[in-house]
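Taking our numbering, the leading residue of the sequence shown gets 198, the next gets one more, and so forth. Where is the CB? At the ideal position from N, CA and C, for every residue including glycine. None of the values given here were measured: they were computed from a predicted structure.
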Amino acid sequence: MSATIIDGRAAAAVVRHEVAEGVARFLAAHGRPPGLVGIQVGDDPASEIYQANKARQADECGMFSRRITLPGDTSQAELDQVIDELNDARDVDGMLVQLPVPDQLSEPLIAARIHPDKDVDGFGPGNMGRLMRGEPGNVPCTPAGVMRLLDDAGVPLEGANAVVVGRSLIVGKPQAMLLLERNCTVTIAHSRTRDLPGLCRTADVLVAAVGRPEMIRGDWIKPGAALIDVGINRTDDGLRGDIHFGEASNVAGWITPVPGGVGPMTIAFLLANTLLAARRRVGDE
Ligand code: NDP
Numbered sequence: 198m199s200a201t202i203i204d205g206r207a208a209a210a211v212v213r214h215e216v217a218e219g220v221a222r223f224l225a226a227h228g229r230p231p232g233l234v235g236i237q238v239g240d241d242p243a244s245e246i247y248q249a250n251k252a253r254q255a256d257e258c259g260m261f262s263r264r265i266t267l268p269g270d271t272s273q274a275e276l277d278q279v280i281d282e283l284n285d286a287r288d289v290d291g292m293l294v295q296l297p298v299p300d301q302l303s304e305p306l307i308a309a310r311i312h313p314d315k316d317v318d319g320f321g322p323g324n325m326g327r328l329m330r331g332e333p334g335n336v337p338c339t340p341a342g343v344m345r346l347l348d349d350a351g352v353p354l355e356g357a358n359a360v361v362v363g364r365s366l367i368v369g370k371p372q373a374m375l376l377l378e379r380n381c382t383v384t385i386a387h388s389r390t391r392d393l394p395g396l397c398r399t400a401d402v403l404v405a406a407v408g409r410p411e412m413i414r415g416d417w418i419k420p421g422a423a424l425i426d427v428g429i430n431r432t433d434d435g436l437r438g439d440i441h442f443g444e445a446s447n448v449a450g451w452i453t454p455v456p457g458g459v460g461p462m463t464i465a466f467l468l469a470n471t472l473l474a475a476r477r478r479v480g481d482e
């Protein structure tokens with residue numbers, strides 16, 4: 198193996214430690230901790246685990262966290278009312294609605310209803326617009342975590358060819374904007390891209406966010422490239438990323454494992470976003 202393995206668990210622990218220090222300072226200055234509220238509609242078991250993890254990690258950082266679980270048949274109007282109350286609540290700095298939501302609810306309406314300053318997932322039109330415009334805002338947590346991993350590893354970004362495979366709203370698109378902001382030359386690939394292996398071979402930085410186990414093979418990789426694997430795929434052999442780790446790690450310069458790469462950074466950056474949102478609300482940034 199030639200690649201340096203980027204340890205996302207260790208990096209996330211550092212971010213959480215930084216957040217905990219910031220929370221303590223915020224509490225001392227303002228007499229209350231930053232507050233994060235997670236809303237879940239229905240009882241999807243995976244959502245339940247995500248929500249519990251977010252709340253536990255927020256508590257461990259000293260934040261005030263609250264979980265709201267609404268019945269699976271909650272209407273859009275009922276959910277809007279809950280969001281409006283949280284938009285107005287003084288002690289709530291960040292909120293999120295756990296996705297996916299039941300069919301009677303509209304994700305775009307939810308994203309637009311949450312006040313942009315409290316939208317700590319960064320999925321709403323306000324924060325997406327800010328990201329596009331290069332203005333301060335809440336940046337989606339997974340792509341923000343990827344940028345921190347690249348920076349901590351010392352991967353050169355200025356002028357690098359970056360290929361992002363996947364164009365989702367929560368990963369691929371914001372990831373591409375963040376890499377562009379750092380002066381990479383960015384290509385976004387997707388299911389209709391022609392000659393994906395050939396395109397990947399041009400990448401100095403390759404971010405895979407597809408959801409297909411081990412799709413990206415070793416002979417798709419430019420020697421020395423930085424490989425960031427966002428994919429989380431449950432297979433009979435356990436969790437796998439979108440990149441074939443065994444093959445790619447022989448060719449790459451850096452690689453994130455799955456599990457233990459990007460995954461832990463996502464919640465860590467949710468907490469970092471909540472702290473930042475709290476500071477902005479009190480004009481303390
Ligand atoms: P989506 O399903 O929303 O998007 C997948 C993207 O991959 C789409 O743009 C799709 O293209 C593209 N794609 C699908 N098949 C191919 C193919 N054969 N060749 C090229 N592109 C293809 O997924 P998400 O972005 O939400 O998630 C991607 C992966 O990342 C999943 O495994 C998910 O579990 C994981 N994830 C991990 C997180 C973490 O914290 N580590 C957070 C979020 C997601 P098209 O648009 O043309 O359909």
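Which residues DSSP lists as bridging residue i, in chain order
{"i": "His466", "result": "Note that residue 466 is Phe in the sequence shown here, rather than His. Bridge partners of Phe466: none, in fact."}
{"i": "Ala405", "result": "Val362, Asp426"}
{"i": "Trp451", "result": "Thr201, Ala423"}
{"i": "Val234", "result": "Arg263, Met292"}
{"i": "Ile413", "result": "Ile440"}
Limits of the alpha helix (DSSP H) - the one that residue i falls within
{"i": "Val279", "result": "273-285"}
{"i": "Asp256", "result": "242-257"}
{"i": "Pro322", "result": "322-330"}
*Pocket of ligand 1 (residues with CB nearer than 5 angstroms to any heavy atom), chain order*: Residue selection by CB proximity (closer than 5 angstroms to any heavy atom of ligand 1) returns Thr339, Gly363, Arg364, Ser365, Val368, His387, Ser388, Ala406, Val407, Gly408, Val427, Gly428, Ile429, Val459, Gly460, Thr463 in chain order.
*Taking only runs of the beta strand (DSSP E) that begin and end inside the region 343-392, which ones reach a length of at least 3 residues, in chain order?*
The qualifying runs are 358-362, 382-386.
*Would you list, in sequence order, the uninterrupted beta strand (DSSP E) runs of no fewer than 3 residues that lie entirely inside the region 287-317?*
Runs found: 291-294.
*Could I get the ranges of all uninterrupted beta strand (DSSP E) runs contained in the region 419-446, with 3 residues as the minimum, in chain order?*
If we require 3 residues or more, the beta strand (DSSP E) runs fully inside the region 419-446 come out as 423-426, 430-432, 435-437.
*Would you check if there are 3 or more beta carbon pairs closer than 8 angstroms linking the region 303-315 to the region 336-348?*
Because the criterion of three Cβ pairs below 8 angstroms is not met, the region 303-315 and the region 336-348 do not touch.
*Contact between the region 428-442 and the region 323-337 (3+ Cβ pairs under 8 angstroms)*: A contact between stretches requires three or more CB pairs, one per stretch, nearer than 8 angstroms, and the region 428-442 fails this requirement with the region 323-337.
*Any chance the region 231-246 sits against the region 286-295, with 3 or more Cβ pairs inside 8 angstroms?*
Three or more pairs of CB atoms, one per stretch, sit closer than 8 angstroms, so the region 231-246 contacts the region 286-295.
*Within the chosen definition, does the region 364-380 reach the region 411-421 through at least 3 CB pairs nearer than 8 angstroms?*
No, the region 364-380 is not in contact with the region 411-421.
*Segment contact, 8 angstroms Cβ cut-off, at least three pairs: the region 244-254 with the region 463-477*: Judged by Cβ distances under 8 angstroms, the region 244-254 makes contact with the region 463-477, as three or more pairs qualify.
*So, do the region 347-357 and the region 320-329 have three or more beta carbon pairs nearer to each other than 8 angstroms?*
These segments do not touch.
*Say whether the region 419-437 touches the region 453-465, bearing in mind that this needs 3 or more beta-carbon pairs closer than 8 angstroms, one atom from each stretch.*
Cβ pair count under 8 angstroms is three or more, so yes.
*Does the region 276-287 come close enough to the region 216-226 to have 3 or more Cβ pairs within less than 8 angstroms?*
The region 276-287, when compared against the region 216-226, does not touch it at the 8 angstroms Cβ threshold.
*Assess, as a yes-or-no matter, whether the region 380-392 is touched by the region 413-422 under the definition of 3 or more beta carbon pairs within less than 8 angstroms.*
Result no; under three Cβ-Cβ pairs closer than 8 angstroms.
*Between the region 292-303 and the region 257-274, are three or more C-beta pairs nearer than 8 angstroms?*
The count of Cβ pairs closer than 8 angstroms, one atom from the region 292-303 and one from the region 257-274, reaches three, so the stretches are in contact.
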